[in-house]
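Below is one structure, written out as structure tokens; the observations come after it.
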Amino acid sequence: MAYKPKRSGSKKSAPNARARRAASRVANGVNTPRTRVESEPVVEAPVRVGTRAIREEEVAEAIAPVISEFSLVLEGLKISGPAANRTVKITVDYTAERTDSLSLDSLAEISGAISSALDRADENDEFFPYELEVSSPGATRALTERRHWERARTRLIAVTAPDGTEYLARLHEVQDDGPVLARKKNTKKGQKESYHEPSLLPWENIASAHVEIDFNSPAEPVE
């Protein structure tokens, strides 16, 4: 049977649907929701404002000890964006003596050290807020300096000659006059890759070059 409230001379004496539901919840031991939540006041941390933008020379000076500590080379440093919200992009790499790549764990450790160094350089909170990005050169990095070539020993290199000719070659070593490369032969699909005998390629015969993605690179440098 449906519940029907008794009529009276005053409309206030008849509970409405919301009141009936609330009464039912109380009768069944169900707590009614609070219409107003009281909570402790939230104390916000002071927002860092700063008084000026960070400069490239300040970054380079601050992170120099980190670069030395991890035996790295500073490949690139660029600051972009509006003065009050800049992005600091730092690219680092191992020195020419090594042929391995920076791992994600190593980059995370280096990034933390660089961040701490920049915080120490800004002990008076002068710098406007900025975003820090630390990375290593990509897998297909351009070879624009000799140390880039030395880092790429054993790797497959895409070479473009001054006349526009393009070819792939395996890098064996780097000499003063140019890299020693074994040019890759044109083999049919499914055949094992093979190379011509290594030979010196003078620097002037290279218009551009970059590392090619390669899953067959030897684990150790080619002697």
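If you number the sequence shown the way UniProt numbering does, the last residue is 223 and the count never jumps.
Cβ atoms here follow ideal geometry from the backbone N, Cα and C, with glycine treated the same way.
Everything numeric in this text was worked out from a predicted model, so none of it was measured.
Classification of residue i by the beta-carbon crowding that lies within 10 angstroms, buried from 16 upward
i, result
"Ser-136", "buried"
"Ala-84", "exposed"
"Tyr-130", "buried"
"Glu-150", "buried"
"Ala-152", "buried"
"His-148", "buried"
"Ile-114", "buried"
"Arg-120", "exposed"
"Phe-215", "exposed"
"Pro-162", "exposed"
"Thr-32", "Note on Thr-32: pLDDT 47, under 50, position unreliable in the model; the coordinate value appears next. Label assigned to Thr-32: exposed."
"His-172", "buried"
"Asn-143", "According to the sequence as given, residue 143 is Leu; it is not Asn. The residue in question, Leu-143, is buried, as its Cβ has 16 or more Cβ neighbours within 10 Å."
"Ile-110", "buried"
"Leu-200", "exposed"
"Ile-213", "exposed"
"Leu-104", "exposed"
"Asp-93", "buried"
"Arg-155", "buried"
Three-way DSSP call (helix, strand, coil) for residue i in this model
i, result
"Ser-136", "coil"
"Ala-62", "helix"
"Ser-68", "helix"
"Val-222", "Any reading at Val-222 is ruled out, since the residue's pLDDT is 40, under 50, leaving its predicted position unreliable."
Residue interval of the alpha helix (DSSP H) (run including residue i)
i, result
"Ser-80", "Premise fails: Ser-80 lies in the beta strand (DSSP E), 72–80, not in any alpha helix (DSSP H)."
Span of the beta strand (DSSP E) around residue i
i, result
"Ser-208", "208–211"
"Pro-179", "178–183"
"Ala-169", "166–175"
"Arg-86", "86–94"
Cβ separation of residue i and residue j, assumed to be a contact under 8 Å, to the nearest whole Å
i, j, result
"Val-180", "Pro-198", "5 Å"
"Ala-117", "Pro-82", "About 24 Å separates the two Cβ atoms, so there is no contact after all."
"Ile-90", "Glu-133", "7 Å"
"Leu-72", "Ala-60", "With a Cβ gap of about 13 Å, Leu-72 and Ala-60 do not count as contacting."
- request: Please go through the region 101–164 and give each complete alpha helix (DSSP H) segment of 4 or more residues, from N-terminal end onward.
  value: 104–121 and 146–151
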